[in-house]
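Notes follow once the structure below has been shown.
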Amino acid sequence: TELFEIYRKQRNTEVKKKILEFVSNIQKQEAAAEIIRLIEKEENPILKQEFLAVIWNSKLDFSAHLADIVSIAVHGDFMQALDCLTIIENMPGPFEEHQLLESQLYLKDYLDNRNEGETQKNHFVSEIALYIKEQNEGIDADLLFE
């Protein structure tokens, strides 16, 4: 939390880069939840996008936070949606059923109320929805073999 505060106030781009590198290299899996929480709380869209880069540069597994990342995508701008799509497509999974169901709720709400003028964001969110659907079908297929 303190590092993100320092990052927010920092003007030196080299120092900012080092902070993001440091956070991206954290090895403790417990840090994933805190990183997600900080991204969700961030109100500045530029900083939010820079913090999203931490996820896709990190070695941590964010699969347990799938629904949180989908929420960030549907509530953010098109660049955040693109970053979230990239993050989601590169998650190792498997995903817990409740994560998939919660993700589907966020996606349904977005798609039911989408702004037709946001064509780029709508495209990325639709791609996320297709990916989530494929993952959910995988779970349904697994249930058939149990």
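Count the sequence shown with my numbering and you get residues 36 to 181, in order.
All C-beta atoms, glycine included, are put in the ideal place defined by N, C-alpha and C.
Asked	Found
Reference residue 117; option with closest CA among 43, 135, 85	85
Terminal residues of the alpha helix (DSSP H) in which residue 52 lies	48-59
Residue environment, residue 101, which counts as buried when at least 16 other CB atoms sit within 10 Å	buried
Residues of its chain near residue 71, where Cβ-Cβ distance is below 6 Å and the 5 sequence neighbours each way are ignored	100, 103
Environment of residue 41 [buried if 16+ CB atoms lie within 10 Å]	exposed
For residue 93, three-class secondary structure by DSSP	coil
Buried/exposed call for residue 9, threshold 16 Cβ in 10 Å	Absent from the model: residue 9. The displayed extent of the chain is 36 to 181, so no value can be given.
Residue 40 - DSSP class collapsed to helix/strand/coil	helix
Backbone secondary structure at residue 112 - three-state DSSP	coil
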